[in-house]
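Residue numbers for the sequence shown follow our numbering, beginning at 1 and rising by one. Each residue gets a CB set at the ideal place from its N, CA and C atoms; glycine is no exception. Computed from a predicted structure; not experimentally measured. Below is one structure; the comments refer to it alone.
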Amino acid sequence: MPWISGPRLTTSYDAYSNWWGTITGDDKSYHPAPWMSGHLQERQPLYIWYWMREGPYQIPSSCKDVYFRGLQTNPVSDGIFRIKPPGQHEVKTFCDFTTEGGPWTLLVTSKTHSGWNKDNIKQRNSDKPSLQNDFSILGFADAIKDFDKSQEYFQYRIEADGKNRWGGIWEAPRDYTFLSTSDKQTKVRLVKKFDSWDENSNLGKLMPRLAISNNVLLSSAAIVDDSSGSLVYNSAASSASYMKNEKPNPSVVRYWLREGARLSCNDLKLHGLRAGNKYDEDGFQMMKVSSAQYLPVYCDMTTAKGAFTLIVTSAHNNWTRAQVPRRNEFYPRLNEDYSILGLADSIKNLNNNGTFQYMLDANSRRHWGGIFEAPTSYSFMATNNQQTSVTLTRKFNSWEYSWYGALEQRMPWFDAKGTHTTGALLTTSSSPTYYPAGSIIWAGTDRHPADWIWNKMRDPGVIWYWVNEDDCDEDRKPVDGWFNRVGRVGKMRQVMRAW
Numbered sequence: 001m002p003w004i005s006g007p008r009l010t011t012s013y014d015a016y017s018n019w020w021g022t023i024t025g026d027d028k029s030y031h032p033a034p035w036m037s038g039h040l041q042e043r044q045p046l047y048i049w050y051w052m053r054e055g056p057y058q059i060p061s062s063c064k065d066v067y068f069r070g071l072q073t074n075p076v077s078d079g080i081f082r083i084k085p086p087g088q089h090e091v092k093t094f095c096d097f098t099t100e101g102g103p104w105t106l107l108v109t110s111k112t113h114s115g116w117n118k119d120n121i122k123q124r125n126s127d128k129p130s131l132q133n134d135f136s137i138l139g140f141a142d143a144i145k146d147f148d149k150s151q152e153y154f155q156y157r158i159e160a161d162g163k164n165r166w167g168g169i170w171e172a173p174r175d176y177t178f179l180s181t182s183d184k185q186t187k188v189r190l191v192k193k194f195d196s197w198d199e200n201s202n203l204g205k206l207m208p209r210l211a212i213s214n215n216v217l218l219s220s221a222a223i224v225d226d227s228s229g230s231l232v233y234n235s236a237a238s239s240a241s242y243m244k245n246e247k248p249n250p251s252v253v254r255y256w257l258r259e260g261a262r263l264s265c266n267d268l269k270l271h272g273l274r275a276g277n278k279y280d281e282d283g284f285q286m287m288k289v290s291s292a293q294y295l296p297v298y299c300d301m302t303t304a305k306g307a308f309t310l311i312v313t314s315a316h317n318n319w320t321r322a323q324v325p326r327r328n329e330f331y332p333r334l335n336e337d338y339s340i341l342g343l344a345d346s347i348k349n350l351n352n353n354g355t356f357q358y359m360l361d362a363n364s365r366r367h368w369g370g371i372f373e374a375p376t377s378y379s380f381m382a383t384n385n386q387q388t389s390v391t392l393t394r395k396f397n398s399w400e401y402s403w404y405g406a407l408e409q410r411m412p413w414f415d416a417k418g419t420h421t422t423g424a425l426l427t428t429s430s431s432p433t434y435y436p437a438g439s440i441i442w443a444g445t446d447r448h449p450a451d452w453i454w455n456k457m458r459d460p461g462v463i464w465y466w467v468n469e470d471d472c473d474e475d476r477k478p479v480d481g482w483f484n485r486v487g488r489v490g491k492m493r494q495v496m497r498a499w
């Protein structure tokens, strides 16, 4: 597929050598660009056209699906969208893509205390989603929550009288249901609290359940006689309240859902395969960086048995040092500058083995680079050039290590302490300014995006950097026992600290 290198849009593997098959160019000896080697009109046609046609449209399955589609094109803003949860019919809802990293699907808005019953608590005004008027698609929530079988948990959010006010975010086991009438769904964990209220109240201890009476339709109350913690109720339920002491009768209450998330792409794939999921394509996923904070990431699910998390896309030159650890972190893309390099060590440290893998590729996926193995003691944020005990386990295309013209046998390091405004900022070279080939991120404007492999792919147009902390053996069995629920929480704290 045509790719961009400076002013040149080309299908050639090198935009500046043997560059037939080019659509746009800056060489005035060709009009408009070198197209096909041959006769005059083939070499220099009057016009070159480039077209695209969209694939067949499918309605997104949830707000997360809407969010991921936006990452492919133009990022979406909070608002109303059509969704079609798995196995359900189409509805509309409000999507929140910003709170704690999003994406949240609105399930219920409770404004009035009239007209609610045991049927419309599951679906009410589903064609008119609103943050201020009565609305429900609660009957669709389980279909959204259960689609990804790799997840152990999901999160729900409750708020009253304003966004992120008088409520909080809870984490609950995925086998809990939004349509339960039982008071047994108590293994919930409040991961973020909005305002000051009693966590030992009904709302804090029990996931909201359906129909404890004809007029209390959605509540965290365990018994009718104490119906505080109620989200949806009719005025006939005179004793019902939201927060008995702090906020008994808010003007509006909202109830949200977001699907679970894992700690890395590899963590997701490992659990997913065990749950029967298939990963035939690379794409966007959500990564949990703290108990309440999610972050979108791009996952390579197909190159290896484990999975790689994208940590850097270098698509342009002229980076600053401040941008190297963290840049456009909510917009992981393969064709735009992006970095979560500052989080890479926390992902790497999920590993229980003595080594981890990182991958470098350039120009097009799985080309001009390779997969490397390094000791877990090595750091993605190293600021010196001493991390040289790396092993190339799989090579993409034909190139050799070189101190002056290609990658060196060294894990990329960050020239955080330098003062130069040209040359490399993230590089495998021993020097960021003296023959700095094998570089990923570039401070100057003379390379596109950085000096990579001379004579073959010096200006590749784009360079990617990935991490894979996979610690399973060839039989996909965990090394050193992997980590249990307690260990998982500890590892997540490492990610949170890095964030």
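Cβ distance (whole Å) where residue i is taken to contact residue j below 8 Å
i    : j    : result
S37  : W20  : 5 Å
L310 : W464 : 6 Å
A406 : G438 : 6 Å
K192 : G168 : 6 Å
G342 : P375 : Contact flag wrong, Cβ pair sits at about 20 Å.
CB of residue i within 8 Å of CB of residue j, strictly
i    : j    : result
P129 : F94  : yes
F147 : S61  : yes
P7   : G25  : yes
K456 : W399 : yes
Y294 : L107 : no
S280 : D300 : The amino acid occupying residue 280 in the given sequence is Asp; Ser does not appear at that position. No, the Cβ-Cβ distance between D280 and D300 is not below 8 Å.
F372 : T391 : yes
V462 : T313 : yes
Y57  : Q44  : no
H316 : P449 : yes
G444 : T422 : yes
V224 : S213 : yes
G260 : E408 : no
V289 : L425 : no
A292 : E100 : yes
F68  : F284 : yes
K278 : L217 : no
M411 : K64  : no
R258 : W454 : no
S180 : R209 : yes
Beta-carbon proximity list for residue i, same chain, < 6 Å, skipping 5 on both sides
i    : result
G70  : V76
G306 : N266, N468 and D470
H271 : S150
R262 : L268
A344 : I311, F380 and V467
E329 : I340
Q571 : Outside the displayed range of the chain (1 to 499) lies residue 571, so it cannot be described from this structure.
W197 : M243 and E246
A15  : S5 and R8
Spatial neighbours of residue i in its chain, beta-carbon cut-off 8 Å, leaving aside the 5 residues before and after
i    : result
I80  : K92, T93, F94, C95 and P129
T383 : W413, F414, D415, A416 and K417
Q132 : T109, K111 and V252
V486 : Unreliable placement is indicated for V486, whose pLDDT of 36 sits below 50; the coordinate value is still reported in the next sentence. If we look at V486 and ignore the five residues flanking it on each side, it has no Cβ neighbours.
H420 : P432, T433 and A443
7 Å Cβ shell around residue i - same chain, five flanking residues per side excluded
i    : result
D195 : R165 and W166
P85  : S61, S62, F140, A143 and I144
Y331 : L71, P75 and Y338
R189 : W170 and E171
I23  : P2, L9, T10, A33, I48 and Y50
R327 : D337, Y338 and S339
N335 : A315 and V462
I137 : V91, T93, L107, Q123 and S126
Per DSSP, the bridge partner or partners of residue i
i    : result
A424 : W442
C299 : G283 and T309
S5   : R8
M359 : I371 and W466
F396 : G369
C265 : Bridge partners of C265: none, in fact.
I23  : Partner(s): none; I23 has no beta bridge.
W104 : D96
Y338 : T313
D226 : I223
V91  : I83
(message) Using a Cβ distance threshold of 8 Å, determine whether the region 355-368 contacts the region 377-397, with at least three qualifying pairs required.
(response) Touching, yes, given that three or more Cβ pairs across the two stretches are closer than 8 Å.
(request) Could you tell me whether the region 203-220 touches the region 233-244, using the rule of 3 or more Cβ pairs below 8 Å? (result) Output reads yes: the region 233-244 touches the region 203-220.
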